[in-house]
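In what follows, a single structure is set out as structure tokens and then discussed.
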Amino acid sequence: MARELSVYLDGTHAGTLHQSAQGNTTFQYDDAYRLERRGPTPLSLSMPLTRREHPNRVVLPFLQGLLPDSPTKLDQLAAEHHTSARNAFGLLAHVGRDAAGAVQVLPPGEDSPDAATRQGDVTPLTDAEVGEVIADLIEHRDTWGQQRAEMHWSLPGAQPKVALFRFEDGTWGTPRDSTPTTHILKPAVPPYTDHDVNEHVTMAAAQILGLAVSRHELMTTDRGDRVFVSTRYDRRKLRGRWARLHQEDLCQALSVAPARKYQQDGGPGVNQVAALFDNLADPRDAADSRRRFFDALVFNVSAACTDAHAKNFSMLLSGRRATLAPLYDVGTHATYSSREPLRSAMMLDDEYTLDAIGLPELLKAATRLRIPADLAAERVAYIRSNLAAAFADAAGRTTGSPEVAGYAATVANSIHELVVTRGWA
């Protein structure tokens, strides 16, 4: 007997998920939604509205992309909800009420509360309670903490994190009604206990160089635990109402399972991403996405950001428009020791080793992305010649304890040494 789940995009019923007795999952758009004259937003670029029903090979990677990457966390969720860790449909039936983008997955017949007027029913958390949540994440990092059963959100990714709502006065809470979470809190956990500072400095440096990054800050709980806080770019307050903006990562957009996010594991590379941009409906979106993706490639390769795989890039979707989202989860590996040469998450001209990727390899990527060679060369020169200064500036702006300031300086010094070694100074 087939099972069903309703899928909503910011309160509007978009369609229905069907899972057969054999475990195959399909998605069928609601006709009223698909044919809406104002221009509906597709659930995924891999599931165009021109086709009413989409098969398992497309739907499953999208659903998997809404869930954590951590096998231990998936096992814990499966045990808690009496389903299989490999059954994304079954897991999202329980944790899909506040997923990435505008997606809500609900039991059939249950209307999305987003369709009603939001009442702002958010349970405030004291500083001590927030500290407990973060401490729990750190202590039980493999399962992302023993989190409260009422937290029906789902976040993708491998690192432990929690989604909360932030009030205008800066305090935190957990939504009880249709109010979405607004921020993602990611604590520093072993073995990379300073990665929060690394990520903060690296993303600030990227922003100084003109790249679009998600808003971020560092926070310390009343227990002394450090946290990297990211403002959700897929949430926005419009006319007094919190709205969910739809997004998906590039693995979802290209129907690639999260386990294959690295190109060396069969995941997307520059050619696949470029083809996705080529097929965007609006030429302006395609040109903007190509340019920003190329800048990100140059920055990641130059700053030794080795985790820039397809799941760490996303698209924002609105009607027929689709653009590359602000960057997130960006951190340099230059500050860590490594016995092996550092490798890029995406191959450039048959090369993964960062030290072997120079201007010719980047220009070949630019050609595939339809970026003129002279413009691409200018961007490479600008980013590489200003990289050390941007990191030094970002580190200098980083406030906090002496330990935070000290590690921020360590990150900047590591980049300075890299730049000198590569001859970009």
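In our numbering, each residue carries its 1-based index in the sequence shown increased by 4.
Positions of the beta carbon are idealized from the N, C-alpha and C atoms, including for glycine.
Among the bridge pairs identified by DSSP, GLN32 is matched with THR20 and GLU57. The alpha carbon of GLY15 has as its nearest neighbour, out of PRO164, LEU249 and LEU67, the alpha carbon of LEU249.
By the criterion of a C-beta distance shorter than 8 angstroms, LEU352 is surrounded in its chain by VAL274, LEU301, VAL305, ILE361, GLU365, LEU366, LYS368 and ALA369, once the five residues flanking it on both sides are discounted. Assignment of beta-bridge partners to GLU355 by DSSP yields LEU352. In the DSSP assignment, GLU8 falls within the unbroken beta strand (DSSP E) covering 7-13.
Only residues of its own chain outside the window of five on either side were considered, and among them ASN60 have a CB closer than 7 angstroms to the CB of ASN28, listed in chain order. Scanning its chain for C-beta atoms nearer than 6 angstroms, with the 5 sequence neighbours on each side dropped, one finds no residue around VAL107.
In the displayed model, ASP289 falls within a helix according to three-state DSSP. The beta carbons of ARG240 and ARG294 sit no closer together than 9 angstroms. When secondary structure is reduced to three states using DSSP, PRO262 falls in the helix class. If you look at LEU366, you'll find it in the alpha helix (DSSP H) that goes 363-372. When ALA261, VAL11, HIS199 and ALA380 are compared, the shortest CA-CA separation from VAL233 is found for HIS199.
Listed in chain order, the non-local C-beta contacts of SER318 below 6 angstroms within the same chain comprise GLN251, ASP253 and ALA329, local neighbours out to five positions each way being set aside. Rounded to the nearest whole angstrom, the C-alpha separation of ALA338 and GLU221 is 21 angstroms. Of the other Cβ atoms in all chains shown, 16 or more fall within 10 Å of the Cβ of ALA92; this residue is therefore buried. LEU13 and LEU47 have their alpha carbons spaced roughly 8 angstroms apart. Per the DSSP secondary-structure output, ALA247 pairs in a beta bridge with ARG240. Shown here, THR178 sits in a strand according to DSSP, grouped into three states.
Boundaries of the alpha helix (DSSP H) around PHE281: 274-282. Looking at LEU242, THR310, ARG243 and LYS315, the one whose alpha-carbon comes closest to that of VAL277 is LYS315. Taking the CA atoms as reference points, ARG347 sits about 28 angstroms from ALA104. Beta-bridge analysis with DSSP links GLN108 to TYR12. GLU84 sits in a helix when the DSSP states are folded into three classes.
DSSP, reduced to helix, strand and coil, places PRO65 within a helical segment of the structure shown. Annotation for VAL384: the continuous alpha helix (DSSP H) segment containing it runs 377-401. Distance from the CA atom of ALA394 to the CA atom of GLU203, rounded to whole angstroms, is 14 angstroms. Between LEU215 and ASP289 the beta-carbon gap is near 17 angstroms, outside 8 angstroms, which marks them as no contact.
GLN32 and ARG56 do touch by the CB rule: their CB atoms are close to 6 angstroms apart, below 8 angstroms. Nearest neighbour of THR45 by Cα position, chosen from SER389, ALA349 and LEU321, turns out to be LEU321. Cβ-Cβ separation between GLY270 and CYS255: approximately 11 angstroms, too far for a contact (criterion under 8 angstroms). Counting C-beta atoms within 10 angstroms of its own C-beta, ALA429 has fewer than 16 neighbours from the protein chains shown and is therefore classed as exposed. With contacts defined as CB atoms closer than 9 angstroms, THR186 and LEU213 fail to qualify as a contacting pair. DSSP places THR127 inside the beta strand (DSSP E), whose first and last residues are 126-129.
The continuous beta strand (DSSP E) containing LEU168 extends over residues 166-170. The criterion of a C-beta distance shorter than 9 angstroms is not satisfied by THR127 and THR175. Between the beta-carbon of ALA412 and that of VAL201 there is about 5 angstroms, and that keeps the pair under the 8 angstroms contact cut.
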